[in-house]
Amino acid sequence: MIVVNNLHKSFGKLEVLKGIDCHIHQKEVVCVIGPSGSGKSTFLRCINRLEEAQQGKIFIDGEEVTAPNADINRIRQEMGMVFQLFNLFPHKTTLENVTLAPIKIKKMSKEKADDIAIGLLRKVGLGDKDHVFPSQLSGGQKQRVAIARALAMQPKVMLFDEPTSSLDPEMVGEVLEVMKDLAHEGMTMIVVTHEMGFAREVGHRVFFMDEGILMEEGTPAQIFDNPQNPRTQSFLSKVL
Amino acid sequence: MKKFLSLLLIAMLAIGMLAVAGCGGAEEEPAQQEPAAEENTISKLVVGSETAYAPFEMVDDATGDYIGFDMDIIKAIGEAMEVEVEIRSMEFTALIPALQNGQIDCAISAMSITEERSQVVDFSDSYFDAGLIIAVAADTEGIETLDDLKGKVLAAQIGTIGADACVAVKAEDPATEVKTYDHVGEAFMELQKGGADAVVNDMPVTAYYVKTEASDKVKMVGEVFQADDHYGMPVQKGDAETLTLLNEGLAKIKADGTYDEIYAKWFE
Amino acid sequence: MNLGFTNTEWIFGTTIIDRLHEIYGFQVVVNNLPNFGMGAWLTLEITVFSIAIGMVLGLIAALGRMSKIKVIKSIAVAYIDFFRGTPLFVQILLLYFGIIPLIFDASPIQSAIIACGLNSGAYVAEIIRAGIQAVDKGQMEAARSLGMTHGQAMIHIIFPQAFKIVIPPLINEFIMLLKDTSLVSAISVGELTHTGKMLYASTYQAVWVWGAVCVFYFIMTKALSILGDWTERRLATE
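Chains as they are written, first to last, in our numbering: chain V, -17 to 222; chain C, 4 to 271; chain P, 529 to 766.
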């Protein structure tokens, strides 16, 4: 479903991605792990072109995302993204955060968008918080609203950029729980994460990235129990 | 709102008190200065002038010095009376308040001796006979007299007798529009850009402007009016000593021919 | 300080008022209250129209300055630099006597509004740009990641948040502008300062006339800042 060919990305002289190739299937959950600065977030952000790659191609369902004339706004509607810092819209209520894009972009009626949004908020366990502003929510609640917001566009793929990294430890669980449910429903997901437990339990495949290179990939069992690459071994010995 | 009102009240009170105090001060100052005056030891005159009124007072492009008929006259008086003269350039409308506050000793600025001004300052003997003239754009026809100005757009300098004349025309015909400027130069610019039909101003200044700046664009029309207009040097009300000095000096330079030389230099 | 009152007279308000009426400067101010009022009204008119022009120009120039298209950006930068880098007084004279007559036949008041509007636009542009740039970068990314165009993200996400940020500096700019309209007196616009100049030139009551002018300006700027506080509070509780 997602094909990445020879992806290169530099910030000035700093080369962050040095040729990534991979293939992600429908309904697959891929967890991307690796040390900080390894290029995992940049890789994710290149997929929906929040970062422009200098070289290489990305295809979603055969459509080239990286083509200069690609309708990126339409393509992005099919790829939900969840950020480390939530990035909720502070001037809108929880409900409005979720309904804004369907109403403004898909021209959905407010009633229909509200229905869908309330359903999604219930699904992430925040059915009673629809008229609350983000500033009144805890970090975990904010991230769950952010997931609901991304889901409201009914995306084919969900991209998670370290969704639990800025949460207090006691809130990590509630967010991972929501993501787990999503995975069980068959959502295609790419998750950049430091939660090894989640990667092992929920991931179908795990990518290990370091220094802008996809060093090793395999099932959670292969990566966590029997890593082949010395870099992977050294990284896992530090975090596990 | 309450806070605002009380603030406002305080502001108004403060201003009111300042004003009252200011008035009191102005009245008292001459009294305080009088002992000094009796000693008759003026060694320096601080003279105010609006130095944008050629040919009476202006700034020399090349040197930056203040030059003009008035400047020569006051310097000559200074030499004749052996006092130092310092020129202070200021807005025309600031001259009389500056005298009242004692910031300057006297002014020389092509100022006409009028009844209103004489109520607040004392004037020296007249040193120049002027009068008003109407100036119009070179292609204007049909404006020659004050009566012709009714219903027209007039330009003049704030606080001059030219402006008073314009206001008087407006009083007779409310359709008249009067535009007033800080400097006469802007009034002439307004005339040239077509924003005014006529400029009413002192004849010698208008004549000098037409001759030097705009002989093909501006012309003087009609006769000089208010010909009983005399320039004098104002001093603070009651400052007899400075007044005497100015009058004596003026008499001296008139007697020894210096005045005539200066007059010839600027007007012939 | 001699206030012209004895201590006992202070106690009786009526005596003070009677005393004030004997002062020439006070009479001048009281008799000319309608003139001051008309001058203040004109000051307000010029300010309001200049703000309107300034807001539109400022928004366009701010967006122009942030544009990726070089030509548009240079034009915006040149406009902002010129009007912020030269004195308003000079701009008023230059526009009125030099530039506007080449384009159309404007009255002094129209010229004053154009000059003040152009000047204010440059300052408003910088305020708006700062406001937009103060909105967290993640907001734009979140909006774009949902599939919004740059324009949609600006309108629905960035502007509403920038708006709150720019209110206090904008009100400050409007207060400055209101005071700066005093400079258009130079081109014979009969606003508050011009009214003061005329009265001062004929009465020489500097302290009373300028004191009254101050009070009028103060009332107007205070009203503006109260309006600003009120807007800020309303937005904060939203």
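Idealized CB from N, CA, C, for every residue including glycine.
What do you get for residue i, buried or exposed, if any count of 16 or more other CB atoms within 10 angstroms of its CB means buried?
i, result
"G613(P)", "exposed"
"R554(P)", "The sequence as given places Phe at residue 554(P); Arg does not occur at that position. F554(P) should be labelled buried."
"H684(P)", "buried"
"F270(C)", "exposed"
"H549(P)", "exposed"
"L222(V)", "exposed"
"H722(P)", "buried"
"L570(P)", "buried"
"L253(C)", "buried"
"L755(P)", "exposed"
"N560(P)", "buried"
"S120(V)", "exposed"
"I631(P)", "exposed"
"E41(C)", "Residue placement at E41(C) is flagged as unreliable, the pLDDT there being 43, under the threshold of 50; a coordinate-derived value is accordingly withheld."
"K214(C)", "exposed"
"L(-4)(V)", "exposed"
"M100(C)", "Rather than Met, the amino acid found at residue 100(C) in this sequence is Pro. The residue in question, P100(C), is buried, as its Cβ has 16 or more Cβ neighbours within 10 Å."
Would residue i pass as a contact of residue j if the rule is Cβ separation under 9 angstroms?
i, j, result
"D112(V)", "L77(V)", "yes"
"V224(C)", "A57(C)", "no"
"F72(C)", "E60(C)", "yes"
"Y607(P)", "A643(P)", "no"
"M236(C)", "G134(C)", "no"
"K255(C)", "I80(C)", "yes"
"L621(P)", "E85(C)", "no"
"V203(C)", "A166(C)", "yes"
"K240(C)", "Q103(C)", "yes"
"L194(C)", "D185(C)", "no"
"K310(C)", "E180(C)", "No answer is possible for residue 310(C): the residues shown for chain C start at 4 and end at 271."
"I656(P)", "A590(P)", "yes"
"E1(V)", "G38(V)", "Position check: residue 1(V) holds Gly in this sequence, whereas Glu was assumed. Cβ distance < 9 angstroms, so G1(V) and G38(V) count as in contact."
"L572(P)", "M748(P)", "yes"
"G582(P)", "G645(P)", "yes"
"L623(P)", "G62(V)", "no"
Given residue i, which residues of its chain have a CB within under 8 angstroms of its CB, disregarding the five upstream and five downstream residues?
i, result
"M161(V)", "I129, F142, P145, M171, V173, F180, V184"
"N587(P)", "According to the sequence shown, residue 587(P) is Leu rather than Asn. Cβ neighbours of L587(P) beyond the five flanking positions: V652, A653, I656."
Just reading off the alpha helix (DSSP H) that residue i is part of, what are its end residues?
i, result
"Y184(C)", "Note, Y184(C): premise wrong, no alpha helix (DSSP H); beta strand (DSSP E) at 180 to 184."
"H166(V)", "151 to 166"
"N204(C)", "First-last for N204(C): 201 to 205, but that is the beta strand (DSSP E), not the alpha helix (DSSP H)."
"D232(C)", "No alpha helix (DSSP H) contains D232(C), which DSSP labels as neither H nor E."
"Q555(P)", "552 to 559"
"S302(V)", "What is shown of chain V runs -17 to 222, which leaves residue 302(V) out entirely."
Within a Cβ cutoff of 7 angstroms, which residues of the same chain sit near residue i, ignoring the five residues on either side of it in sequence?
i, result
"D219(C)", "A141"
"I54(V)", "R31"
"I205(V)", "V188, F190, E198, T214"
Between residue i and the rest of its own chain, which residues show a CB-CB distance below 6 angstroms, the 5 nearest in sequence each way excluded?
i, result
"A95(V)", "T81, P84, I85"
"V47(V)", "I40, I57"
"R27(V)", "E33"
"V717(P)", "P636, I637, A640"
"Y651(P)", "E701"
"A24(C)", "With a pLDDT of 48 at A24(C), under the threshold of 50, the modelled position of this residue cannot be trusted, and the question is left open."
How would you list, in chain order, the residues of chain C whose beta-carbon sits under 7 angstroms from the beta-carbon of residue i?
i, result
"K725(P)", "T96, I161"
"F625(P)", "M192, K196"
"A729(P)", "T96, I161, G162"
Hey, quick one: how far does the beta strand (DSSP E) through residue i stretch, first residue to last?
i, result
"E198(V)", "195 to 200"
"L135(C)", "135 to 140"
"S730(P)", "Run containing S730(P): none in the beta strand (DSSP E); it sits in the alpha helix (DSSP H), 720 to 731."
"P17(V)", "Taken as a continuous stretch (DSSP letters only), P17(V) belongs to no beta strand (DSSP E), as it is neither H nor E."
"S(-8)(V)", "-16 to -7"
"D143(V)", "139 to 143"
"V618(P)", "Per DSSP, V618(P) belongs to no beta strand (DSSP E); it is in the alpha helix (DSSP H), 616 to 621."
"T117(C)", "Segment: none, T117(C) is in no beta strand (DSSP E) and carries neither H nor E."
Using the beta-carbon of each residue, which ones in chain P are nearer than 9 angstroms to residue i?
i, result
"Q103(C)", "Y732, A734"
"F71(V)", "Q667, A670, A671, H684, I685, P688, Q689"
"L77(V)", "Simply none; closest approach about 15 angstroms."
"L103(V)", "Those within 9 angstroms of L103(V) in chain P number zero; the least Cβ separation is about 16 angstroms."
Find the residues of chain C that neighbour residue i, judging by a C-beta separation of less than 9 angstroms, and give them in chain order.
i, result
"K629(P)", "At residue 629(P) the sequence reads Pro, which differs from the Lys that was named. The contacting residues are K196, G197, G198."
Which bits of chain V does residue i rub up against, with CB to CB less than 9 angstroms?
i, result
"T677(P)", "N55, I87"
Identify the contact partners of residue i in chain P, using a Cβ-Cβ distance below 8 angstroms as the criterion.
i, result
"Q59(V)", "L674, G675"
Determine the chain V residues that contact residue i at a beta-carbon separation under 8 angstroms, and present them in chain order.
i, result
"Q680(P)", "K86, I87"
Against residue i, what residues of chain P qualify as contacts under a CB-to-CB distance less than 7 angstroms, listed in chain order?
i, result
"T183(C)", "S716, M726"
"P100(C)", "Y732, A734"
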